[in-house]
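Student: Below is the structure I would like to discuss, written out as structure tokens.
There are 2 protein chains.
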Amino acid sequence: MGRTSDANERLMDAALDLIWEESYGAITIDDICKRADVKKGSFYYFFDSKSDLAVAALERMWLQESKPKMDNMFSPSVEPLTRITNYLHSMYEFQAELKRKHGKTLGCPVMSVGSETCTCAEETAIGTKIRELFTRKRRYYESAIRDALAEGSIEPGDPAEKATALAGLIEGILTQARILNNPEILRSLPELALRIVGAKSLATAPTTKS
Amino acid sequence: MGRTSDANERLMDAALDLIWEESYGAITIDDICKRADVKKGSFYYFFDSKSDLAVAALERMWLQESKPKMDNMFSPSVEPLTRITNYLHSMYEFQAELKRKHGKTLGCPVMSVGSETCTCAEETAIGTKIRELFTRKRRYYESAIRDALAEGSIEPGDPAEKATALAGLIEGILTQARILNNPEILRSLPELALRIVGAKSLATAPTTKS
DNA sequence: GGTTGACTAGACTAAACGGTCAACTATTCG
DNA sequence: CGAATAGTTGACCGTTTAGTCTAGTCAACC
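Those protein sequences? They're chains A and B, same order as listed. Sequential numbering from 1 applies to the first sequence in the working numbering. Sequential numbering from 1001 applies to the second sequence in the working numbering.
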């Protein structure tokens, strides 16, 4: 009973947008409230603090955007290495689209927030969530790498290590794209990814339209 | 004439330390003054703002730490690919040392600050400096890659593109190490770097002590 | 239609923040 | 010495900030 509200969702969306456009540290609770058109009283009705909201917003992003997309791209019905190259290609498209619409290449919020908050002792809740999200993503990479190994399309090696390296490469190039505000850097990612996992052939399937 | 002071240098050092340990956005001018044991009046005698100080501090770091080290590691008297692997090996040692002393793997401040401030319109002075520092570092990579190409020890390809990829990989793995607070991830960097630049042989010279 | 519980509004506080200022101090040069 | 230069100090100001609290509104269900 009582009335229902989507103010909490508006707050999470607003927080994520602002974190993406600026940074976690640069935005205030007032900023978030303003963007979400929610008053402070309601903010504190739903969330305890900015970091509490950030954790919820990141989890929401994962469930609503990242997971469905990755489930689709990393479907076992696709060739293992093609899963990776397709995923990275769509990542380029996504960032290029952002650049076209907002004029900004925004990169990956998990990486940005992580780098910003993980060493800060007070924000441990965020740190935990960030590491959790990293792990979840890495599992998709690892699974594809394992399948590629079984298939014999990549050089032997520890799948976990290869997945960590791949994740590092992706996040690094993505952050560079953000800093330089240039999505074009991401174009080379599919090929670089194949290199890093030790693919025997460097053909990147759907890159024919380059 | 008049009296002399090193307060400006103490401020730059303090700012860099704090940025490294926390983040650019998380620290305040008061924090920096406290750490440097300098009063606010003196701060504004030397600098206009936090971002002004940050720009000066980053430039100072480059001149005093990064450049001498890179000039040494990327000396043309060393084999091109060995320059890269040696550099990355020393990077691991450095971060492992930080972890031992401060309990924290701090990563690269240029990357952290860059990701944090580059999309924010107000902080353009920092953004410009960050991109400048990135470019300077990339030049060392590019030069080594060009030499390796001439020598025939890597597969053909555009040196600039290869350098960008290498920089992305390094910064990505470094940021991951920061987020996970685990320098061990960096151990694989020399080998990964060789892969990414397309080295024909994957031998990493001084990694025999692993 | 009245009660209950979910949500909203916004004024309020105390602390922290960026930034200013005028008075003060130390050093150096003539 | 004394004047000019270079740097220091801490009080002070207005604003922004996170966070609280109370009074009120709205929807649902009985």
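We put the CB at the ideal spot given by N, CA and C, even for glycine.
(1) Are the region 63 to 74 of chain A and the region 130 to 141 of chain A in contact at 8 Å, needing three or more beta carbon pairs?
(2) Could one say the Cβ of residue 157/A lies closer than 7 Å to chain B's Cβ atoms, at least one of them?
(3) Within its chain, find whatever has a CB closer than 8 Å to the CB of residue 1207/B; leave out the 5 residues flanking it on each side and keep chain order.
(4) Can you tell me whether residue 1100/B is buried or exposed? The criterion is at least 16 other CB atoms within 10 Å of its CB, across all chains shown.
(5) Please indicate yes or no: does the CB of residue 1023/B lie closer than 6 Å to some heavy atom of the ligand COA?
(6) If we require 3 or more residues per run, which beta strand (DSSP E) segments fall completely within the region 1022 to 1107 of chain B?
(7) Just confirm the distance between the C-beta atoms of residue 119/A and residue 183/A, as a whole number of angstroms; I'd bet it's less than 8 Å.
(8) Using the C-alpha atoms, what's the distance from residue 13/A back to residue 1012/B?
(9) How is the alpha helix (DSSP H) around residue 147/A delimited, first residue to last?
(10) Touch check for the region 168 to 184 of chain A and the region 1168 to 1178 of chain B: three-plus C-beta pairs under 8 Å?
(11) Determine the DSSP secondary structure at residue 203/A, reduced to helix, strand or coil.
(12) Determine whether the beta carbon atoms of residue 1008/B and residue 1046/B lie at a separation below 7 Å.
(13) Would you please verify whether the beta carbon of residue 118/A is less than 7 Å from any beta carbon of chain B?
(14) For the alpha helix (DSSP H) holding residue 1161/B, just list the boundary residues, first then last.
(15) Measure from the C-beta of residue 1095/B to each C-beta in chain A and report whether the shortest distance is under 7 Å.
(16) Thinking residue 1146/B and residue 198/A are a contact (beta carbons under 8 Å), I'd like their distance in whole angstroms, please.
(17) What residues of chain B sit near residue 85/A, judged by a beta carbon separation below 7 Å?
(18) Along the chain, where does the alpha helix (DSSP H) that runs through residue 114/A open and close?
(19) Tell me the rounded alpha-carbon separation between residue 20/A and residue 1141/B.
(20) Whole angstroms is fine: what's the gap from residue 1036/B's alpha carbon to residue 97/A's?
(21) With 9 Å as the C-beta to C-beta threshold (strictly closer), list the residues of the region 1001 to 1024 of chain B near chain A in chain order.
(22) Decide yes or no for the touch test of the region 124 to 133 of chain A against the region 160 to 170 of chain A: beta carbon pairs closer than 8 Å, at least 3 of them.
(23) Going by CA-CA distance only, name the one from 1082/B, 1024/B, 1039/B, 1006/B that's closest to residue 1058/B.
(24) Within 10 angstroms of its Cβ, does residue 111/A collect 16 or more other Cβ (buried), or is it exposed?
(25) Flag residue 101/A as yes if its beta-carbon sits less than 7 Å from any beta-carbon of chain B, otherwise no.
(26) Could you tell me the alpha carbon to alpha carbon distance between residue 1061/B and residue 1180/B, rounded to whole angstroms?
(27) In terms of alpha-carbon separation, which member of 156/A, 202/A, 126/A lies closest to residue 109/A?
(28) I need the boundaries of the alpha helix (DSSP H) containing residue 1196/B, first residue and last residue.
(29) So, residue 1153/B versus residue 1200/B, is the Cβ gap smaller than 7 Å?
(30) Between the beta-carbon of residue 151/A and the beta-carbon of residue 51/A, is there less than 7 Å?
(31) With a threshold of 8 Å on Cβ separation, who are the neighbours of residue 10/A within its own chain once the five nearest residues in sequence on each side are excluded?
(32) Any beta carbon of chain A sitting closer than 7 Å to that of residue 1192/B?
(33) From 92/A, 30/A, 2/A, 94/A, pick the residue whose C-alpha is nearest to that of residue 15/A; which is it?
(34) Kindly give me the distance between the Cβ atoms of residue 186/A and residue 87/A, rounded to whole angstroms, as I take these residues to be in contact under 8 Å.
Tutor: Taking the structure as given:
(1) The region 63 to 74 of chain A is in contact with the region 130 to 141 of chain A.
(2) No - not a single Cβ of chain B is within 7 Å of the one on residue 157/A.
(3) Low local confidence applies: a pLDDT of 42 at residue 1207/B is under 50, so the model's placement there is unreliable, with the coordinate-based value given in what follows. Here the set comprises 1085, 1089, 1190, 1191.
(4) Label assigned to residue 1100/B: exposed.
(5) Ligands displayed in this structure: none; no statement on the ligand COA is therefore possible.
(6) Residue ranges of uninterrupted beta strand (DSSP E) with 3 or more members are absent from the region 1022 to 1107 of chain B; none lies entirely inside it.
(7) At roughly 28 Å, the Cβ-Cβ gap does not stay under 8 Å, so residue 119/A and residue 183/A are not in contact.
(8) Residue 1012/B and residue 13/A: Cα-Cα distance of roughly 37 Å.
(9) Unbroken alpha helix (DSSP H) run through residue 147/A: 124 to 151.
(10) By the C-beta criterion, the region 168 to 184 of chain A is judged to be in contact with the region 1168 to 1178 of chain B, since at least 3 inter-stretch pairs fall below 8 Å.
(11) Residue state for residue 203/A is assigned as coil, using DSSP reduced to three classes.
(12) Contact flag set, yes.
(13) Yes, because at least one Cβ of chain B sits closer than 7 Å to the Cβ of residue 118/A.
(14) That run of the alpha helix (DSSP H) goes 1159 to 1180.
(15) Interface flag for residue 1095/B against chain A is unset, since no Cβ pair is found closer than 7 Å.
(16) In fact, because the Cβ distance is near 25 Å, the residues do not count as touching under 8 Å.
(17) Neighbours of residue 85/A across chain B, judged by C-beta separation under 7 Å, do not exist; the nearest C-beta is about 15 Å away.
(18) Here the alpha helix (DSSP H) through residue 114/A covers 109 to 117.
(19) Inter-residue distance for residue 20/A and residue 1141/B is about 30 Å (C-alpha atoms, whole angstroms).
(20) Cα to Cα, residue 1036/B sits roughly 44 Å from residue 97/A.
(21) Here the close residues are 1020, 1021, 1022, 1023, 1024.
(22) No, the region 124 to 133 of chain A is not in contact with the region 160 to 170 of chain A.
(23) Per the Cα distances, 1024/B.
(24) Around the beta-carbon of residue 111/A, 16 or more other beta-carbon atoms lie within 10 Å, marking it buried.
(25) Chain B, which has no Cβ nearer than 7 Å to the Cβ of residue 101/A, makes this no.
(26) For residue 1061/B and residue 1180/B, the distance between alpha carbons rounds to 25 Å.
(27) For residue 109/A, the nearest C-alpha among the options comes from 126/A.
(28) Taken as a continuous stretch (DSSP letters only), the alpha helix (DSSP H) holding residue 1196/B covers 1189 to 1197.
(29) At the C-beta level, residue 1153/B and residue 1200/B come within 7 Å of one another.
(30) At least 7 Å separates the beta-carbon of residue 151/A from that of residue 51/A.
(31) Residues 36, 37, 38 of the same chain have their beta carbon placed closer than 8 Å to that of residue 10/A, with the five preceding and five following residues left out of the count.
(32) By the rule that beta-carbons nearer than 7 Å mark a contact, residue 1192/B touches chain A.
(33) Ranking the options by Cα distance to residue 15/A, first place goes to 30/A.
(34) Not quite, the Cβ-Cβ distance comes to about 12 Å (not below 8 Å), so this is no contact.
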